[in-house]
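Here's the structure, in structure tokens; my notes come after.
In this note's numbering, the protein residues as written are 983 to 1250.
Next up, the structure:
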């Protein structure tokens, strides 16, 4: 454990350099206010941020909201997986983690499963077990090293990413995921490769989609996320979408609107 802490402290020396190597706004930023009608057509409000890594171009739909921080909800399972694997509290992405045996709101969660399977069904109790293994102190160190959102854990290790105080903006999601997509986060390459692999979601032609959804009911209205990137040969297109969710039927809009924007920009 001391070796891990020393490595984190050393990595911390590079955090400021890493943060400034990818600013919140790229050299070329395009604001597409005209596409905000996509949200209005579905009676919701939201933002969509897209970063073309090769062109160093940032496209923003809903600029005012893009920099607003919200609770990450299950999109934090990306960082959570990175932290757990890097610390070794979970041996690898295929180690089966117990869910605890209690009734859950979704039957799919009532099963012990690996991180690979748990991230796909967004199994909260499995990741809460992971969180107990990590502990608040280690989370604080990693959130600082990863420059993740407001870097706040509070005192509840099982809920800080579900109910707060942890928050992150769409722009910050894009910055974080850009580094993961390129495996340039200040943690082990092996860990980044493993998490990239379990995020692989869809494939179309030469393009592969890596993504994670999220949903929190704190505060009101509910908030939904769909974040990730598209990889095409050596090109990366990193995105983050969040929307207001007014009813359970709106949950499907997270993925639907993300795909609509990606299609509009000819990416996926």
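The beta carbon of each residue, even a glycine, is placed where N, CA and C say it ideally should be.
For this session: Alpha carbon to alpha carbon, how far is residue 1176 from residue 1154? Give it in angstroms, no decimals.
Result: Approximately 22 Å, taken between the alpha carbons.
For this session: Give every residue of the same chain whose Cβ lies closer than 8 Å to the Cβ of residue 1003, excluding the five residues on either side of it in the sequence, and list them in chain order.
Result: Note that residue 1003 has pLDDT 44, beneath the 50 cutoff, so the model's placement of it is unreliable and the number below is only indicative. Answer for residue 1003: no residue qualifies.
Exercise. Considering only residues of the same chain and omitting the five flanking positions on each side of residue 1220, which have a CB-CB separation below 7 Å?
Worked result: 1033, 1035, 1156, 1159, 1160, 1163 and 1211
For this session: Tell me, to the nearest whole angstrom, how far the beta carbon of residue 1131 is from that of residue 1150; I am working on the premise that it is less than 8 Å.
Result: 3 Å
Problem set entry | Residue environment, residue 1088, which counts as buried when at least 16 other CB atoms sit within 10 Å | exposed
Exercise. What residues in its chain sit with their C-beta under 7 Å from that of residue 1078, if we drop five residues either side in the sequence?
Worked result: 1094, 1095 and 1096
Problem set entry | Terminal residues of the beta strand (DSSP E) in which residue 1034 lies | 1028–1034
Exercise. By DSSP, does residue 1124 sit in helix, in strand, or in coil?
Worked result: Residue 1124 falls in the helix class under three-state DSSP.
For this session: Kindly indicate which three-state DSSP category residue 1247 falls into: helix, strand or coil?
Result: DSSP places residue 1247 in coil when its eight states are reduced to three.
For this session: With a cut-off of 8 Å on the beta carbons, I'd call residue 1043 and residue 1243 a contact; round off their distance for me.
Result: 7 Å
Problem set entry | residue 1103 to residue 1140 span [Cα, whole Å] | 18 Å
For this session: Using alpha carbons as the reference points, say which of 1203, 1041 and 1189 lies closest to residue 1012.
Result: Of 1203, 1041 and 1189, the residue nearest in Cα terms is 1041.
Exercise. How about residue 1129 and residue 1224: do their beta carbons lie closer than 7 Å?
Worked result: Taking C-beta atoms as the reference points, residue 1129 and residue 1224 fail to come closer than 7 Å.
Exercise. Taking one C-beta from the region 1121–1128 and one from the region 1176–1192 each time, how about it: are there three or more such pairs within less than 8 Å?
Worked result: In short, these stretches do not touch, since the Cβ pair count stays below three.
Exercise. Is it buried or exposed for residue 1023, if we count other Cβ within 10 angstroms and need 16 for buried?
Worked result: exposed
Problem set entry | residue 1046 versus 1099, 1038, 1028 and 1060, residue with shortest Cα-Cα distance | Each of 1099, 1038, 1028 and 1060 was checked against the Cα of residue 1046, and the nearest Cα belongs to 1028.
Exercise. Bridge partners of residue 1012, per DSSP?
Worked result: 1041
For this session: Might you give, ordered along the chain, the residues of its own chain that have their beta carbon closer than 8 Å to the beta carbon of residue 1165, omitting 5 neighbours on each side?
Result: 1171, 1174, 1175 and 1178
For this session: Provide the residue span of the alpha helix (DSSP H) that contains residue 1061, from first to last.
Result: 1058–1069
For this session: May I ask you to report which of helix, strand or coil DSSP gives residue 1159?
Result: helix
Exercise. Exposed or buried, residue 1061, counting other C-beta atoms within 10 Å across all chains shown (16 or more means buried)?
Worked result: So residue 1061 ends up on the buried side.
For this session: Tell me residue 1194's beta-bridge partners as DSSP assigns them.
Result: 1209
Exercise. What separation, rounded to the nearest whole angstrom, lies between the Cα atoms of residue 1106 and residue 1085?
Worked result: 12 Å
Exercise. Out of curiosity, what's the CA-to-CA distance linking residue 1064 and residue 1230?
Worked result: Taking the straight line joining both Cα atoms gives about 30 Å.
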